[in-house]
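Quick notes on the structure that follows.
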Amino acid sequence: MDDQHKQLELEDERTAQKRYRQKVQEQARRPMSYTAPANTIFTQDARPRVPNVPEGHLIGRIALVTPQTILGDRSDFYIGDRHITMDGVEVFSWAAPVSCTYFRGTNHHDWCEDVAVVRSFEHDGDRISDLVDDVVRDDAPATPFAKRGLAIPAAPDRPGRRRPGVATPRRRETTPSASSEPTPRTPNGATVPPPPEGGHEHVSSTEPAHHSPPPARVVSPDPAIRAESLLRSRLQAPRTKSLAPVLSTLQPDQYTLVTVPAMDSVIIEGQPGTGKTIVATHRAAYLINDETPKENTLDGNVLLLGPTNGYSAHVRDVVNRLTAASPRVLIMSMPELMRQILDLRQQPKGPSTRDWQDVDIQLGILARSAISRLRTATGMTPTSKEVLEYLRTMGADNLPPHQIPDWADYLQTLPPYEKALATRAHTPLLAFIRWEVAKPRHLEGIEHIIVDEAQDVHPLEWMLLTAINEADAWTLLGDLNQRRSDHTLGSWRLLSDILSVPYGDPKVHRLERGYRSTKPILEYANRLLPRAERALLAFQQEGPEPVVTKVRPHAVDDTVLGEIERLHTAYPSGTVAVIAVDPHSVRTRLRAAGWTADFGNPMVWEKDGRHVTVAHPDAARGLEFDAVVVTEPSAFPKNFGRRGPLYTALTRPNRELAVVHSTPLPEELRERKRS
Numbered sequence: 009m010d011d012q013h014k015q016l017e018l019e020d021e022r023t024a025q026k027r028y029r030q031k032v033q034e035q036a037r038r039p040m041s042y043t044a045p046a047n048t049i050f051t052q053d054a055r056p057r058v059p060n061v062p063e064g065h066l067i068g069r070i071a072l073v074t075p076q077t078i079l080g081d082r083s084d085f086y087i088g089d090r091h092i093t094m095d096g097v098e099v100f101s102w103a104a105p106v107s108c109t110y111f112r113g114t115n116h117h118d119w120c121e122d123v124a125v126v127r128s129f130e131h132d133g134d135r136i137s138d139l140v141d142d143v144v145r146d147d148a149p150a151t152p153f154a155k156r157g158l159a160i161p162a163a164p165d166r167p168g169r170r171r172p173g174v175a176t177p178r179r180r181e182t183t184p185s186a187s188s189e190p191t192p193r194t195p196n197g198a199t200v201p202p203p204p205e206g207g208h209e210h211v212s213s214t215e216p217a218h219h220s221p222p223p224a225r226v227v228s229p230d231p232a233i234r235a236e237s238l239l240r241s242r243l244q245a246p247r248t249k250s251l252a253p254v255l256s257t258l259q260p261d262q263y264t265l266v267t268v269p270a271m272d273s274v275i276i277e278g279q280p281g282t283g284k285t286i287v288a289t290h291r292a293a294y295l296i297n298d299e300t301p302k303e304n305t306l307d308g309n310v311l312l313l314g315p316t317n318g319y320s321a322h323v324r325d326v327v328n329r330l331t332a333a334s335p336r337v338l339i340m341s342m343p344e345l346m347r348q349i350l351d352l353r354q355q356p357k358g359p360s361t362r363d364w365q366d367v368d369i370q371l372g373i374l375a376r377s378a379i380s381r382l383r384t385a386t387g388m389t390p391t392s393k394e395v396l397e398y399l400r401t402m403g404a405d406n407l408p409p410h411q412i413p414d415w416a417d418y419l420q421t422l423p424p425y426e427k428a429l430a431t432r433a434h435t436p437l438l439a440f441i442r443w444e445v446a447k448p449r450h451l452e453g454i455e456h457i458i459v460d461e462a463q464d465v466h467p468l469e470w471m472l473l474t475a476i477n478e479a480d481a482w483t484l485l486g487d488l489n490q491r492r493s494d495h496t497l498g499s500w501r502l503l504s505d506i507l508s509v510p511y512g513d514p515k516v517h518r519l520e521r522g523y524r525s526t527k528p529i530l531e532y533a534n535r536l537l538p539r540a541e542r543a544l545l546a547f548q549q550e551g552p553e554p555v556v557t558k559v560r561p562h563a564v565d566d567t568v569l570g571e572i573e574r575l576h577t578a579y580p581s582g583t584v585a586v587i588a589v590d591p592h593s594v595r596t597r598l599r600a601a602g603w604t605a606d607f608g609n610p611m612v613w614e615k616d617g618r619h620v621t622v623a624h625p626d627a628a629r630g631l632e633f634d635a636v637v638v639t640e641p642s643a644f645p646k647n648f649g650r651r652g653p654l655y656t657a658l659t660r661p662n663r664e665l666a667v668v669h670s671t672p673l674p675e676e677l678r679e680r681k682r683s
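Every position in the sequence shown, counted from 1, becomes a number in the working numbering once 8 is added.
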């Protein structure tokens, strides 16, 4: 469409957005009434569950080829935060099955093959700032979206043509043959009863028949990219300090994984920037959404677990916006979870592990055995301190013969309880013991655990998570090439063994396309991977080549400071970070140059309104920035001969990567020749 036409369309959609927000707020102010079956409106402790009230954003709009009676004989509708009938126009929730018409996922709704045009909205705060129309069919009408002010109101109810309530959503999971007739359904998924024998139409009090039975559907391949221009614009925009909802540009493969039923576990792998965190956050919101199909949701809570405290802060805003800050989604890092279980105020000191036995699953088995023996001996549940003391004195006489060589000496090295509490390497063991003997009440009721950066969770931590997870439902996201420790699991098969599920169930799904980083950045970072794993599919093809600068050792920090200044000039509204194994020296140089640390986040430094994040590689996991300076790549630790921490650091930038070094680069990065 031309610019003038687009501006008129934008003004009309902005009016619709204002009206939608008003209707959502009006609905939120109405007295609550519980009309659904008791088992869907009460939690297990018999308390009514209060629906969460979203902000009220329109996400997009759909135009169908033919009008639908359910839509009041209109052929268009909106997708938004929740279901509302707005001046005769339907707005369906993004979590309802009909939203597949917008996201173009694989679990098709009956209307998917009738979609003519998909309109996607970009928001600047509460205001629609842009829109893009994707034409899906060659026979799409020239004017797919009627002006709301000129819309013909729905005719009065006729027998067999009643307007629907909000029915229980369902989605068709199988693809019919070309000769079969799909079962008509309402937009929210309720089945429309077929006509009885004799040709008379069945009259339903709440669920109408379609205007006409939809044609038999043959599923076509999903579009490679949807809302491409909006997606490209969003990726090229400056990064924000926290992740934002991306419903307008959520891609088909991501949507399909977001909407997997809650009780179905799934493993999702992909290179950096393929959208794993987007899937994790939006899936957490989907699983507890009031308008998610009941067979796809759960009664309990969801735990979204990340690798660091910075990750938790990074994703909290997007989850709160998608869920209206629902208390049913708990967001924390693995260290935060263990500290909560132990009721620790301070972060324990030292490395995460000293050797493999600190986090081995066998240590958890021995702890359970100790608890059982103490209960049998005393008739009471022991304290955590008593269990640890029992382990320390267990001795070879109490160990199975095959375990004596590995464990008798190790158990004797365990420190006393108070010292163990202050030692990071013993936190997984103590957290596991505490959960077994006195689990915190506020962490009960978790039925689905989403683990981002799952490759960095240790075996004993997985044993703790399996004890926490009451329904054994999982969403696990990670990249084995980013493993940071030799003491974590080296394959999804090993993880399946710990979770006690057959390998292949859950299936491993791979996200292929990289969105965050540009092709030059990914090509440079992928040299660290085995040659067979270097293939990439980058959405952002263009971007500056990584800038690699070799200097004398005394000039490293000054050069880093110069790169910070250059990148701030290049990306004045963006985010800049330095990732270093020794961040202390960088911070010292920043302080000397007049930068000051943020009181609330010591990783962030500020000067004259500009900010830079200075992070150790461990703290940079799961984060993203416009530009990143990586210092002394050879100092980054290796595990099993791979450079997972360095690979993670090199793939944090969205737009530009700079490398500053005084020591020789890792051999894989020395050649600029493309592999």
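Think of the CB as a built atom: it goes at the ideal place given N, C-alpha and C, for glycine as much as any other residue. None of these values were measured; they are calculated from a predicted model.
Residues of its chain near residue i, where Cβ-Cβ distance is below 8 Å and the 5 sequence neighbours each way are ignored
i: Glu640; result: Val564, Ala588, Val589, Asp590, Val668, His669, Ser670 and Thr671
i: Leu258; result: Phe111, Val266, Ile286 and His290
i: Ser493; result: Ser360, Thr361, Asp464, His466 and Asn647
i: Met94; result: Ala24, Arg27, Tyr28, Lys31 and Tyr86
Closest Cα partner of residue i within the set the options
i: Val568; options: Arg539, Ala666, Glu550 and Arg492; result: Ala666
i: Asn406; options: Pro424, Thr431, Arg599 and Leu374; result: Leu374
i: Asp626; options: Arg491, Asp147 and Thr526; result: Arg491
i: Leu502; options: Val99, Arg381 and Asp368; result: Asp368
i: Thr474; options: Ala439, Ser499, Leu488 and Gly498; result: Ala439
i: Arg524; options: Gly278, Ala605, Arg29 and Arg135; result: Gly278
i: Gln35; options: Gln244, Asn662 and Ile92; result: Ile92
i: Ala643; options: Glu675, Arg234 and Asp118; result: Glu675
i: Pro561; options: Val594, Tyr579 and Asp118; result: Val594
i: Leu545; options: Thr114, Pro538, Val555 and Asn534; result: Asn534
i: Glu394; options: Tyr425, Asp417 and Asp414; result: Tyr425
i: Val143; options: Leu79, Gly358, Ala71 and Asp132; result: Ala71
i: Asp414; options: Asn489, Arg381, Lys527 and Asp366; result: Asp366
i: Lys527; options: Arg651, His517, Pro554 and Asp513; result: Pro554
i: Asp134; options: Pro253, Trp482, Glu541 and Cys108; result: Pro253
Same chain, Cβ closer than 7 Å to residue i, five either side skipped, listed in chain order
i: Thr389; result: Arg383 and Val445
i: Leu295; result: Ala270, Thr305, Leu306, Val310 and His456
i: Glu205; result: No answer about Glu205 holds up, because its pLDDT of 41 lies below 50 and its placement is not dependable.
i: Pro335; result: none
Nearest-angstrom Cα separation, counted from residue j out to residue i
i: Thr248; j: Thr282; result: 18 Å
i: Ile506; j: Glu63; result: 40 Å
i: Lys26; j: Gly308; result: 34 Å
i: Thr496; j: Gln370; result: 14 Å
i: Pro356; j: Glu469; result: 16 Å
i: Ala293; j: Gln549; result: 31 Å
i: Lys14; j: Arg127; result: 12 Å
i: Ala428; j: Thr386; result: 24 Å
i: Ser101; j: Leu66; result: 9 Å
i: Ala321; j: Pro408; result: 45 Å
i: Ala657; j: Leu530; result: 11 Å
i: Arg22; j: Lys155; result: 12 Å
i: Ala543; j: Ala332; result: 39 Å
i: Leu330; j: Ser250; result: 14 Å
i: Asp487; j: Arg347; result: 26 Å
i: Leu419; j: Leu399; result: 6 Å
i: Pro653; j: Ala600; result: 28 Å
Rounded Cβ spacing between residue i and residue j (contact assumed at less than 8 Å)
i: Asp261; j: Leu519; result: 6 Å
i: Gly68; j: Ser237; result: Incorrect: roughly 14 Å between the Cβ atoms, too far for contact.
i: Arg81; j: Pro152; result: First, the residue type needs correcting, since residue 81 is Asp and not Arg in the sequence shown. About 16 Å separates the two Cβ atoms, so there is no contact after all.
i: Val106; j: His117; result: 5 Å
i: Glu299; j: Ala103; result: 5 Å
i: Ser273; j: Val459; result: Rounded, the Cβ-Cβ distance is 11 Å, inconsistent with contact.
i: Gly630; j: Pro436; result: Not confirmed; about 20 Å, so no contact.
Close Cβ partners of residue i (< 6 Å) along its chain, the five nearest in sequence each way excluded
i: Glu664; result: Pro552 and Ala635
i: Pro223; result: No answer about Pro223 holds up, because its pLDDT of 32 lies below 50 and its placement is not dependable.
i: His624; result: Pro591
Residue i - partner residues in DSSP beta bridges
i: Thr526; result: Gln548
i: Asn309; result: Ile454
i: Leu338; result: Leu311
i: Ala666; result: Val555 and Val637
i: Arg82; result: Gln76
i: Ala623; result: Ile587
Residue-chain proximity (residue i, chain D), Cβ-Cβ < 8 Å
i: Ala601; result: Among the chains in the structure shown there is no chain D, since it carries only a single protein chain.
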